[in-house]
Structures are given as C-alpha cells and as structure tokens.
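Down below is the structure, laid out as structure tokens.
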Amino acid sequence: MNRILTFAFSLFLLQPPSLLLSQDKQKWMTGIEAGFDFSACQEPGEDYIREDRTLYGSGNAMSSLQALMNRTHFGVRRELFLKDGRYGLSAGLRIAKSETTLGKNDYWGESSQYFFLLYKQDGLTTSYLRVKSMEEKCLYLGIPLEIRVFPYPAEGKQIYFKAGTEVNFLLNSDVHVSFYDPGMNRYAADTEDMPEKPAAVESRLYGAIGINFPREEKADIILELALPVLYLTTKSSGLADPVFATGLNVSMMFPF
Amino acid sequence: MKPYSILLTLFLFMIPACESDLELSESIFISDPDYPGLPKYTEWGYNTFGVYFDRKTFISNDAEVPVKILVENGSTLFIFRGEESSPDYYSYNSGKMSMSISIPDFAPAQVTDLLVLNDTTLDLTNPGYELTLTMGETVYTPDVLNGKIHFNRVQNLVVDDKQTEVILSGTFEFQVRINGEPIAFSDGRFDLGIAYSNFFVF
Chain Y
1 MNRILTFAFS LFLLQPPSLL LSQDKQKWMT GIEAGFDFSA CQEPGEDYIR EDRTLYGSGN
61 AMSSLQALMN RTHFGVRREL FLKDGRYGLS AGLRIAKSET TLGKNDYWGE SSQYFFLLYK
121 QDGLTTSYLR VKSMEEKCLY LGIPLEIRVF PYPAEGKQIY FKAGTEVNFL LNSDVHVSFY
181 DPGMNRYAAD TEDMPEKPAA VESRLYGAIG INFPREEKAD IILELALPVL YLTTKSSGLA
241 DPVFATGLNV SMMFPF
Chain X
1 MKPYSILLTL FLFMIPACES DLELSESIFI SDPDYPGLPK YTEWGYNTFG VYFDRKTFIS
61 NDAEVPVKIL VENGSTLFIF RGEESSPDYY SYNSGKMSMS ISIPDFAPAQ VTDLLVLNDT
121 TLDLTNPGYE LTLTMGETVY TPDVLNGKIH FNRVQNLVVD DKQTEVILSG TFEFQVRING
181 EPIAFSDGRF DLGIAYSNFF VF
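Just so you know, the protein sequences line up as chains Y and X, in that order.
Numbering follows my numbering, in which position 153 of the first sequence is assigned residue number 153; successive positions increment by one, without gaps.
Numbering follows my numbering, in which position 86 of the second sequence is assigned residue number 86; successive positions increment by one, without gaps.
Right, dumping it as structure tokens:
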C-alpha cells in the first residue's frame with residue numbers, strides 16, 4: 001500500500017503546474033529586458049599592489065585605492081502567470097558585460113594620481129610601475145530564474161516584488177592597465193596577465209521591487225529596482241571582490 | 001625675465017620626480033594583528049618600524065622621518081625617529097623617542113652600496129657598535145646585554161625603469177641596562193626606504 005501511495009505521489013509531482021492548478025487562468029508572456037547595476041567592492045588586497053593609505057588623526061587609516069564594478073545586461077525571458085496573474089515564474093537568457101575598475105579615489109576623472117604595481121623582483125632589484133588604473137571587462141551568458149508576486153489587485157499599474165537567482169557563465173575576460181608614464185606601455189602584456197582570472201561560473205541572488213504598466217493591445221512596460229544583489233560565489237572579478245549591488249531593470253513583455 | 005623663464009621651466013620638469021619621491025617617502029602603517037601596536041612586517045618600503053619595550057611601543061609616525069643614515073669618518077649612523085606609545089590604544093600625547101645605532105668600518109658612498117647588507121645580521125654587542133636611546137629630552141647610552149639587527153632583505157627599487165631608492169627590511173631585538181634597570185626591546189621590525197632625502201655622506 002505504501003509503495004502504491006508513493007508511486008501515485010510521484011506521478012502527481014511530475015504533472016506540469018498548469019494541470020496541478022488547472023482551475024486558474026494562466027498566461028504566458030515573452031519579452032526583452034535590459035538593465036544595469038553597480039557593485040560595492042571590498043578593499044582590494046592584491047599582493048602585487050603597494051598599499052596606499054591616508055592616516056587620520058585617530059590612528060585609523062583608509063585605503064585610497066578603490067574598486068568599482070558596474071554591469072549592463074540585456075536578454076529575453078519567458079514568464080508564466082499563475083493564480084489569475086498573482087504570481088509570475090520566469091526564466092530567460094542574458095548577455096551581461098561587467099567592468100571593474102581599480103584606481104585611486106578620484107579615478108573617474110582625468111587623475112594624475114597613481115598607485116604602484118609590483119612588476120618583478122629579480123635578485124636584489126625590485127621594479128614598480130606607476131599605474132593610474134586597471135580595468136577588467138567580462139562577458140557573461142546568464143540564465144536568470146525569477147518569481148514575481150503581485151500582492152495587490154490588478155487595476156492599471158501594478159506593484160510587485162521579485163526574488164530571483166542567476167547563474168552566469170564567463171565567455172570572455174580582458175584586463176587593461178593604464179600607466180602613469182605612457183613610456184611604460186611596453187609592459188602592458190606582462191601586467192595584464194597579473195590579475196587572477198575571474199571564476200568561470202558566477203551566481204547571484206537578488207530581490208527587486210517594480211511597477212508593471214499593462215497596456216491594451218501593446219506590450220507591458222516594467223520598471224524595476226534591484227536591491228540588493230548578493231554574490232553567492234567568489235572571484236567574480238580578478239581585481240576586487242564585490243559585496244553587493246543595486247541597479248535598475250526595464251522590460252517589455254508581450255502576451256505570447 | 002629670461003633667467004626666470006629658464007628656472008621656471010626647469011622647476012616644472014622637476015615636479016614629476018619630486019612627486020614620485022613624495023609618494024614613496026610617505027609612511028604606510030599596517031597594523032600587525034598578531035602584535036598589537038606594531039606595524040606588520042613588510043618589504044614594500046612602507047617607511048615604518050616598531051618594537052615593544054616595557055609594555056610600551058616605540059614606533060614610527062607620520063611626523064618624523066622614520067630613518068636617516070649618516071656616513072661620516074668611516075662609520076655609518078642609523079637614526080630611527082618616532083614616538084613612545086601604547087599597544088592597547090592610540091595616544092594623543094605620545095612622547096618623542098629615537099634610537100641610533102653607529103656601525104664602524106662601514107661607509108657606503110652611495111645609497112645602492114647599502115645592498116651589501118642584504119641577509120646580514122649585525123651583533124649589537126660588538127664593542128665597536130654604539131646604541132643610543134633618546135626618550136623625550138633625555139639621552140641614554142645603555143649597556144647592551146645582547147641583541148642583533150637582521151637585514152632580512154635589502155632591495156634596489158626601480159620605478160618606471162628609474163633607480164629610485166633602496167628598501168631596508170628586517171627585524172631587531174636587544175636587551176639593555178639603563179641606570180641599572182634592565183629593559184628588553186623585542187619583536188622589532190622595520191621596512192624603510194632610503195633615498196636622497198634621508199641618506200647623507202659627510
């Protein structure tokens with residue numbers, strides 16, 4: 001008897017959600033999305049970079065070196081709405097490009113500041129190179145899996161909450177070093193190999209809040225604020241360790 | 001006006017060289033988690049030193065040049081300048097303190113001659129050596145019971161293909177007797193950049 005009940009329960013689990021919840025109206029939507037996010041990174045502690053700290057009166061020191069990561073993505077996704085549109089389950093494909101920049105505090109502008117990079121140690125001679133910034137660019141193919149919850153009845157604009165996770169596969173990465181002395185550009189090939197390669201697979205967990213703008217006979221427009229985005233894996237970048245991110249996402253969804 | 005134009009132009013060309021020297025001459029104090037109050041042992045030329053004595057610390061600071069080397073009459077004098085502090089808390093009323101070690105029969109003519117000290121240990125009980133301690137306004141020339149200074153690594157530093165300074169990194173410890181009172185200086189470490197600004201030959 002137990003084996004029969006177990007087998008029946010297994011068959012029940014194998015049924016698609018549409019049959020399990022067959023009393024509810026379901027709707028498929030397909031769409032495109034694009035977005036960006038900024039990540040706060042931990043203080044870089046690479047063993048080939050000379051520390052640079054500003055000492056304050058209390059005896060505390062803060063590193064002048066900072067790393068900032070930003071990411072842009074675009075993709076397609078398909079969403080299934082359940083329970084009369086109260087829940088949306090989606091999966092998709094994303095192409096994402098991330099850029100991590102390591103430099104002194106004011107590296108965004110044309111800064112004359114630099115940090116010292118340990119180029120090589122040969123016997124009793126040690127060589128440093130003065131570097132304005134190091135930039136790493138990565139290209140990912142990602143698979144996001146998300147669930148949206150619409151807690152309020154559908155009357156025009158709808159606010160929703162989202163939880164999601166994504167797995168990103170590294171397609172390509174590249175490092176560029178900007179030297180303070182352009183004459184040192186001949187060392188570019190050697191120095192650009194110094195940072196560790198980013199991990200081949202990266203995973204992130206995120207929450208979001210958004211507004212859905214449904215339109216008659218047209219695509220729904222969706223605006224979304226992602227907060228926070230947490231990194232589940234390490235070594236997303238060879239230059240710094242991102243801690244968390246926040247960003248914006250825009251989508252257009254068509255009934256299909 | 002012409003001489004002034006030439007001087008101004010020369011001055012402007014000097015600025016990049018001055019900027020590089022200034023960056024490397026700054027002190028970067030990274031606390032050692034295993035030895036509270038002391039800087040971490042490093043070999044980057046962070047211009048720091050520190051040592052424990054009688055539950056206090058003698059450490060470098062941002063106000064004083066941490067080391068000066070004077071070569072005169074066939075001897076070399078290493079002068080370490082810093083402050084007396086506590087390993088447990090940051091003190092706003094730290095007293096000035098300095099330590100000098102005179103080494104006879106060693107007279108480097110230029111900074112790069114210091115490279116011979118690489119992986120060298122000097123016995124501070126050597127009769128020719130003289131150790132002097134200055135605490136506040138008082139100068140002591142104690143009896144050295146035992147002690148050594150070890151230059152773990154001495155490096156010739158090249159920045160953007162230009163010889164810039166020599167980095168002295170190492171450890172030291174010694175026991176002395178001052179006015180009959182024995183005092184131990186332990187777990188000492190230094191990581192110092194030596195260049196035109198702190199190397200003197202008389």
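Quick reminder that beta carbons are idealized off the backbone N, C-alpha and C, glycines included.
Just to check my reading of the structure: residue i and residue j have Cβ atoms closer than 8 Å, yes? What is that Cβ distance to the nearest angstrom?
i                      : j                      : result
residue 264 of chain Y : residue 206 of chain Y : The question about residue 264 of chain Y has no answer, for chain Y in this structure spans 1 to 256.
residue 30 of chain Y  : residue 213 of chain Y : Residue 30 of chain Y to residue 213 of chain Y, Cβ: 17 Å. No contact.
residue 198 of chain X : residue 71 of chain X  : With 8 Å as the limit, residue 198 of chain X and residue 71 of chain X do not qualify as a contact, their Cβ atoms being about 12 Å apart.
residue 24 of chain X  : residue 189 of chain X : Rounded, the Cβ-Cβ distance is 19 Å, inconsistent with contact.
residue 165 of chain X : residue 186 of chain X : Residue 165 of chain X to residue 186 of chain X, Cβ: 28 Å. No contact.
residue 86 of chain X  : residue 56 of chain X  : 6 Å
residue 138 of chain X : residue 106 of chain X : 28 Å between Cβ atoms; not a contact.
residue 154 of chain X : residue 124 of chain Y : 7 Å
residue 191 of chain X : residue 44 of chain X  : 7 Å
residue 148 of chain Y : residue 87 of chain Y  : 7 Å
residue 144 of chain Y : residue 166 of chain Y : 4 Å
residue 100 of chain X : residue 48 of chain X  : The Cβ separation is near 18 Å, so there is no contact.
residue 79 of chain Y  : residue 64 of chain Y  : Going by Cβ atoms, the distance from residue 79 of chain Y to residue 64 of chain Y rounds to 45 Å, so no, they are not a contact pair.
residue 102 of chain Y : residue 239 of chain Y : 5 Å
residue 129 of chain X : residue 103 of chain X : 6 Å
Would residue i pass as an interface residue toward chain Y - the criterion being a Cβ-Cβ separation below 8 Å?
i                      : result
residue 146 of chain X : no
residue 155 of chain X : yes
residue 118 of chain X : yes
residue 160 of chain X : yes
residue 168 of chain X : no
residue 115 of chain X : yes
residue 46 of chain X  : yes
residue 194 of chain X : no
residue 69 of chain X  : no
residue 30 of chain X  : yes
Please report whether the beta-carbon of residue i lies at a distance below 8 Å from any beta-carbon of chain B.
i                      : result
residue 181 of chain Y : Absence of chain B from the displayed structure is noted, the protein chains being Y and X.
Could you pull the DSSP bridge partners for residue i from this structure?
i                      : result
residue 171 of chain X : X:150 and X:189
residue 102 of chain Y : Y:67 and Y:134
residue 159 of chain Y : Y:211
residue 38 of chain Y  : Y:70 and Y:246
residue 184 of chain X : X:175
residue 48 of chain X  : X:191
residue 81 of chain Y  : Y:27 and Y:88
residue 256 of chain Y : Answer is none; residue 256 of chain Y lacks a bridge partner.
residue 32 of chain X  : X:35
residue 148 of chain Y : Y:88 and Y:162
residue 52 of chain Y  : BP columns for residue 52 of chain Y are empty, so no partner.
residue 105 of chain X : According to DSSP, residue 105 of chain X bridges with nothing at all.
residue 138 of chain X : X:135
Give the secondary structure of residue i by DSSP, where H, G and I count as helix, E and B as strand, and everything else as coil.
i                      : result
residue 233 of chain Y : coil
residue 64 of chain X  : coil
residue 196 of chain X : helix
residue 18 of chain X  : With a pLDDT of 41 at residue 18 of chain X, under the threshold of 50, the predicted position of this residue should be treated as unreliable, though the coordinate-derived value follows. Residue 18 of chain X: helix per DSSP, three-state reduction.
residue 87 of chain Y  : strand
residue 112 of chain X : helix
residue 85 of chain X  : strand
residue 100 of chain X : strand
residue 23 of chain X  : helix
residue 117 of chain X : helix
residue 37 of chain X  : strand
residue 202 of chain X : coil
residue 113 of chain Y : coil
residue 55 of chain X  : coil
residue 124 of chain Y : coil
residue 107 of chain Y : Summary for residue 107 of chain Y: the model assigns pLDDT 45, below 50, so the residue's position carries little reliability, and this model does not support an answer.
residue 47 of chain Y  : coil
residue 72 of chain X  : strand
residue 128 of chain X : coil
residue 58 of chain Y  : Note that residue 58 of chain Y scores a pLDDT of 39, beneath 50, so its modelled location is shaky and nothing firm can be said.
residue 211 of chain X : Examination of residue 211 of chain X is not possible in this model, given that chain X is present from 1 through 202 alone.
residue 161 of chain X : coil
Could you tell me whether any Cβ in chain X is nearer than 8 Å to the Cβ of residue i?
i                      : result
residue 192 of chain Y : no
residue 128 of chain Y : yes
residue 117 of chain Y : no
residue 50 of chain Y  : yes
residue 102 of chain Y : no
residue 134 of chain Y : no
residue 141 of chain Y : no
residue 65 of chain Y  : no
residue 184 of chain Y : yes
residue 124 of chain Y : yes
Problem set entry | Every unbroken beta strand (DSSP E) within the stretch 177-253 of chain Y, with a cutoff of 3 residues, ordered by chain | The qualifying runs are 201-213 and 220-231.
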